[in-house]
Amino acid sequence: MRALSSEDEVARWYFVLRSPLRLRIIRLLGEKGPLPFKELKRELGAGVGTIYYHLSIMSELVEQDEKRRYYLSELGMRVFTALKDGTLSSVVRRPTVGEAVLKGFLLSPLLRTACEDLRIGIPLAVLMLLLGAFGCSQARLMPVLMFYARTSVSSPIYLFLHYMGQQLLIFLACEGLSILFLRRIGGEAQLAIGVAVASLPMALFPYIYMLTPSDVASVLLPFFHLWAILLICSAISLGKGTRLDRSLPIGIIFMFINMLLLVFLGLLRF
């Protein structure tokens, strides 16, 4: 088996190799050989959706045999060999400033930690939901999926509960669209936590609405809506174990459904 021929060829995989969990998968399969998913999960100690997510990114490095066991492809073995002899030390670099900003914008470290460790994820999800629900009840904003409408007739307790109900509806919609388009079943707990954490922009907006002039808040709302949609895509990616580019169409469909609902309610006109 030939080694990786050049640093450029190795550098092509820096995104894969920068993840500690993906490095563990490569080393685990390189040292132990083919492993069934159950044993791989036990060794890694990560959630089902998280492992599937990383395996989907490593699709050119990891394959399955006729017994559904995971093993390193020829390219994967070359990467494993390069890991052992130190060839990759100059390639597995720190992310650039642009990459770090993008990861921060998508809350990647926070979402990944929340989805992988339920002891952190569950309290964080509850906190995010309470933050958004309380903000809506104080700002007198009526959530319509991932958008807001002003109201003066609904009571604070109704708005609080309505926000919770909308978040449940968003989770159910994401689960249904994931099954329909991604054919992925499972990882419901990770998806629920991810969707709750992804509601951060919508949880923050009521406070911005109360602290800024209404004209400014109206301009900011579409930005927060788009940000929330992108975070939902990231949550689906982690919860269902798929690449972000495969979850983006679901986000677009969800945004389209939200717009149709706003038009139906007379809150959006073209």
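Just so we're aligned: 93 in the numbering used here is position 108 of the sequence shown, and the numbers increase by one with no gaps anywhere.
Note that the Cβ used here is the ideal one computed from N, Cα and C, for glycine as well.
Between alanine 99 and glycine 89 a beta carbon distance of about 15 Å is seen, past the 8 Å cut, so the two are scored as non-contacting. By the criterion of at least three beta-carbon pairs nearer than 8 Å, the stretch 46 to 55 is not in contact with the stretch 233 to 247.
Assignment of beta-bridge partners to phenylalanine 132 by DSSP yields Val129. The criterion of a C-beta distance shorter than 9 Å is not satisfied by leucine 68 and leucine 165. Leaving aside the five residues that flank valine 129 on each side, the residues in its chain whose CB is nearer than 8 Å to its CB run, in chain order, Gln151, Asn243, Leu246, Leu247, Leu250 and Leu252. With 16 or more other Cβ atoms inside 10 Å of its own Cβ, phenylalanine 156 counts as buried. When only Cα atoms are considered, phenylalanine 132 and serine 139 end up about 17 Å apart. By the Cβ neighbour-count rule, lysine 225 is buried, with 16 or more other Cβ atoms within 10 Å of its own.
Classified as exposed, glycine 30 has fewer than 16 neighbouring CB atoms from the shown chains inside 10 Å of its CB.
The Cβ atoms of serine 219 and serine 93 lie closer than 9 Å to each other.
Remark: fewer than three beta-carbon pairs, one from each stretch, lie closer than 8 Å, so the stretch 190 to 210 and the stretch 13 to 22 are not flagged as touching. It is roughly 19 Å from the alpha-carbon of isoleucine 42 to the alpha-carbon of glycine 179. Around the CB of alanine 134, fewer than 16 other CB atoms lie within 10 Å, so the residue is classed as exposed. Rounded to whole angstroms, arginine 3 and phenylalanine 119 show a C-alpha spacing of 39 Å.
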